[in-house]
Structures are given as C-alpha cells and as structure tokens.
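Structure record follows, encoded as structure tokens.
Below, the structure is given as structure tokens:
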C-alpha cells in the first residue's frame, strides 16, 4: 500500500515538472467573445460582436478593418470643443426640420469601416438623405456632414478616416485641430475633398446645409456667442428658407 501511495506522489510530481502547474494561463477563464484590442484586424460583424460585449467601452472604431480605441478624453482639447460643435449644430437643427443630428453615433459605412464620429448631420432618408436608420438602430450609409475633434494634423482623422469618408461619399467633413488652433472644412467634389474657404466677414458656409454658417475665428477663440450669432444669421437667410421648404416638399412626396 505504501508503495502505491509513493507511486502516485511521484506521478503527481512528474506532471508538475512537465508543466501543468507552470501554465497559469491555462487556468484563466476563456472570454467569449474575446475583448477588443487596439490594432486588431477584424471583420465588421466580429467587431460589433466584441464591442457589444464590452459595455464599459464608450468608443471604438473599425477603420479599414483595423480596431482603433482612443485614449481617455481630455476636457480642454476635446470635451469642451466637442460641446461647442454640438451647440452650434443644435441651433441649426432647431430651425431646420427633416434633418437629423448625431453625437458619437455608430455609423456603418461599408464592410470594413464602422465609425463613431464626434458629431454628424444627415438628411432624413425621406428628404433625400444618403443614409438610413437600420432595424437595430444604427446609421447605415454616409451622413452628409461629419465633424471630428482632433489633437493635431498628425491625427488619423486627417489620414485613414478622411480617406474612408471621401470614398464613402460624406459630402462635407470638418476637422477641428485643437492643438494647431485650426479648423479644416472639406467639401467633396468630383470624388476629392477640397477646402471650403471663408467668405465675407470670415464666415464659412456649408454647401450641403444652406444657412449653416460658422465663424471659425470666433470658434477657435472660444467666443461661443459669436459662433451662435453667425449660425442664427444663416438661419434667417432666404437660402435657408428655400432649403426648409424643399425638404418639407420631399418629405411629403
């Protein structure tokens, strides 16, 4: 009997030597689905599956099949500028029926790209918009206007994402480069993005959303009253009135 016990003890020690106890990862629970990882290459379906399983993650994007997970958001260089952009767009939306405003909404652009822009403005589908709301409540297709808050010109917002937006037909794309104290407003023409230049009084005017005017100098200076005054003036123009009437006619047809 003592010989049998000794044999069992020796066998257990042999298993330990062979590595059973030297593999702590073998005892870890298997995560299903696996977590999202920055830089991972995934299909859009797998990206969505993993993202939905991580409710604590507030922002993740799939750009050209690669997962991007931004760092925690700083206030002065992101949160506050983001709020100013939303306030600017909210005022315009309040006077413009049949359009839709989104804040960090998930947008399915194509099979390799699912983005979460800081802000977007889209025409309702019934009013001629290029995007729609899916059965599971996501935006599918290209919104007419997208805004991103970027740290500087080195941001992927001006490289990979810009190319994705161009290719998918986002008509206007705004990037506020906070560290650079600059704002780029691109318009899609003949398949390429071209910079919109300020007109009289330094006001830049949307070509897709008539009356959406932006005092870029005031925005960069943090002068929110002047920013709102410029868009209010745009709302009061004849071109905005005609735009509203056209959208209402399309929605009723």
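Numbering (my numbering), first residue to last: 127 to 379.
Idealized CB from N, CA, C, for every residue including glycine.
| query | Taking buried to mean at least 16 other C-beta atoms within 10 Å of its own C-beta, is residue 176 buried or exposed? | reply | Position 50 of the chain shown, counting from 1, holds the residue named residue 176. Answer is buried; the Cβ neighbour count reaches 16.
| Start and end residues, beta strand (DSSP E) containing residue 245 | The residue you call residue 245 lines up with position 119 of the chain shown. Where residue 245 is concerned, the enclosing beta strand (DSSP E) stretches over 245–249.
| field | Same chain only: Cβ atoms within 6 Å of residue 244, ignoring 5 sequence neighbours per side | value | For the purposes of this step, residue 244 is taken as the residue at position 118 of the chain shown. Counting only Cβ-Cβ distances below 6 Å, and skipping sequence neighbours, we find 208, 273, 274 and 275.
| said: So, for residue 237: in the same chain, excluding its five sequence neighbours on each side, which residues have a beta-carbon less than 7 Å away from its beta-carbon? | reply: Position 111 of the chain shown, counted from the start, is the residue given in the question as residue 237. For residue 237, where only same-chain residues beyond five positions count, the Cβ hits under 7 Å are 170.
| field | Rounded C-alpha distance that separates residue 289 from residue 196 | value | What you label residue 289 is simply residue 163 of the chain shown in a count that begins at 1. What you label residue 196 is simply residue 70 of the chain shown in a count that begins at 1. Their Cα atoms are separated by approximately 19 Å.
| message | Could you give the first and the last residue of the continuous beta strand (DSSP E) run that contains residue 273? | response | Along the chain shown, one-based indexing puts residue 273 at 147. Run containing residue 273: 271–276, per the beta strand (DSSP E) assignment.
| If you draw a straight line from the C-alpha of residue 186 to the C-alpha of residue 164, how long is it? | Along the chain shown, one-based indexing puts residue 186 at 60. Along the chain shown, one-based indexing puts residue 164 at 38. Roughly 9 Å between the two C-alpha positions.
| request: List the whole-angstrom C-beta distance separating residue 266 from residue 298, where the pair is believed to meet the contact cut-off of C-beta under 8 Å. | output: For this step, residue 266 is matched to residue 140 along the chain shown. For this step, residue 298 is matched to residue 172 along the chain shown. So it is not a contact: roughly 19 Å between Cβ atoms.
| request: Would you mind sorting residue 315 into buried or exposed? The rule is 16 or more other CB atoms within 10 Å of its CB. | output: Taking the chain shown and counting its residues from 1, one reaches residue 315 at position 189. Exposed, because fewer than 16 other Cβ atoms sit within 10 Å of the Cβ of residue 315.
| message | So, for residue 268: in the same chain, excluding its five sequence neighbours on each side, which residues have a beta-carbon less than 7 Å away from its beta-carbon? | response | In the chain shown, the residue the question calls residue 268 occupies position 142. 235, 256, 257, 294, 295 and 296.
| query | Hey, quick one: how far does the beta strand (DSSP E) through residue 313 stretch, first residue to last? | reply | Against the chain shown, residue 313 aligns to sequence position 187. Looking at the DSSP string, the run of the beta strand (DSSP E) that includes residue 313 is 308–315.
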